[in-house]
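Peer 1: Anchor point for the sequence shown: position 57 equals 57 in UniProt numbering, and the numbering is continuous, going up by one each time.
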Amino acid sequence: MSSSSSKLIDGTATAARIRSDVANRIKQLQSKKPSFKPSLAIIQQGDRPDSTTYVNMKRKAAEECGISFVHLILPDSATEEELSLQISRLNSDPSIYSSNYPSTGPLAMMVRGG
1 MSSSSSKLID GTATAARIRS DVANRIKQLQ SKKPSFKPSL AIIQQGDRPD STTYVNMKRK
61 AAEECGISFV HLILPDSATE EELSLQISRL NSDPSIYSSN YPSTGPLAMM VRGG
C-alpha cells in the first residue's frame with residue numbers, strides 16, 4: 001500500500017472535536033434562547049453489560065456536549081405495547097430532542113421493523 005494513498009485518522013481526537021463543536025453550538029443557541037435545553041433519551045431493555053456500556057458511552061458524550069440525558073430501563077420481559085408506550089411518551093415530550101433504542105433487546109426486531 002502506498003503511503004500517499006492512506007491516512008491514519010485519530011478517531012478519539014475527531015470525536016472530541018465533534019463534541020466540542022456540538023457543545024459550542026448548543027451554547028450559541030442557548031445564548032439566543034435560554035430555554036433551549038436539548039435532551040437525549042435511551043430506552044434499554046434488560047441489563048446486558050454491552051448495552052449498559054453503550055448507554056454509558058452515550059451518556060458521557062451527551063453530558064460533555066451539554067445535553068441532558070434520560071435513561072429508561074425496561075425488563076427483558078417487556079412487551080411491544082410497553083415499549084410502544086415509552087416511545088410515545090418520549091415522542092410527545094418537547095424536552096426530548098432525540099431518542100434511541102439499542103438493537104440488543106428482545107424487541108429490537110419490532111423497533112427495526114422486522
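No residue lacks a Cβ here, since even glycine has one placed at the ideal position from N, Cα and C. Since the structure is predicted, the reported quantities are computational estimates derived from the model, not experimental observations.
Identify every run of the beta strand (DSSP E) within the segment 32-67, keeping only runs that are complete inside it and at least 3 residues long; order them along the chain.
Peer 2: You should have 39-45.
Peer 1: Using a Cβ-Cβ cutoff of less than 6 Å, which residues in the same chain neighbour D93 once the five nearest sequence positions on both sides are dropped?
Peer 2: Within the sequence shown, numbered from 1, the residue matching residue 93 stands at position 93. Contacts found: none.
Peer 1: In chain order, what residues of the same chain lie with their CB nearer than 6 Å to the CB of M95, ignoring the 5 residues before and after it?
Peer 2: In the sequence shown, the residue the question calls residue 95 occupies position 95. Inspection of the sequence shows that residue 95 is occupied by Ser rather than by Met. Correct list, in chain order: S39.
Peer 1: To the nearest angstrom, how far is it from the Cα of E80 to the Cα of R48?
Peer 2: Taking the first residue of the sequence shown as 1, we reach residue 80 at position 80. Taking the first residue of the sequence shown as 1, we reach residue 48 at position 48. Taking the straight line joining both Cα atoms gives about 19 Å.
Peer 1: For the alpha helix (DSSP H) that contains S88, what are its first and last residues?
Peer 2: Position 88 of the sequence shown, counting from 1, holds the residue named residue 88. Segment E80 to S92, the alpha helix (DSSP H) holding S88.
Peer 1: Is there contact here, the segment 25-39 with the segment 64-81, by at least three beta-carbon pairs under 8 Å?
Peer 2: A contact exists between the segment 25-39 and the segment 64-81.
Peer 1: State the DSSP-derived secondary structure class of L8, mapped to helix, strand or coil.
Peer 2: As a first step, residue 8 is located in the sequence shown; it is residue number 8 there, counting from the start. In the structure shown, L8 sits in coil (DSSP, three-state: anything other than H, G, I, E or B).
Peer 1: Can you give me the C-alpha to C-alpha distance between Y97 and L8, rounded to a whole angstrom?
Peer 2: As a working mapping, residue 97 is identified with position 97 in the sequence shown. As a working mapping, residue 8 is identified with position 8 in the sequence shown. Those two C-alpha atoms are separated by around 34 Å.
Peer 1: Report the rounded CA-to-CA distance for K60 versus P34, giving the unit in angstroms.
Peer 2: Reading the sequence shown from its first residue, position 60 is the one you call residue 60. Reading the sequence shown from its first residue, position 34 is the one you call residue 34. Taking the straight line joining both Cα atoms gives about 23 Å.
Peer 1: Restricting to Cα atoms, I'd like to know which of I26, T12, N91 and G46 is closest to E63.
Peer 2: For this step, residue 63 is matched to residue 63 along the sequence shown. Of the listed residues, the one whose Cα sits closest to E63 is I26.
Peer 1: Would you decide whether Q28 is buried or exposed? Buried here means 16 or more other CB atoms lie within 10 Å of its CB.
Peer 2: Sequence index remark: in the sequence shown, residue 28 carries index 28 (1-based). Exposed, by the Cβ-count rule.
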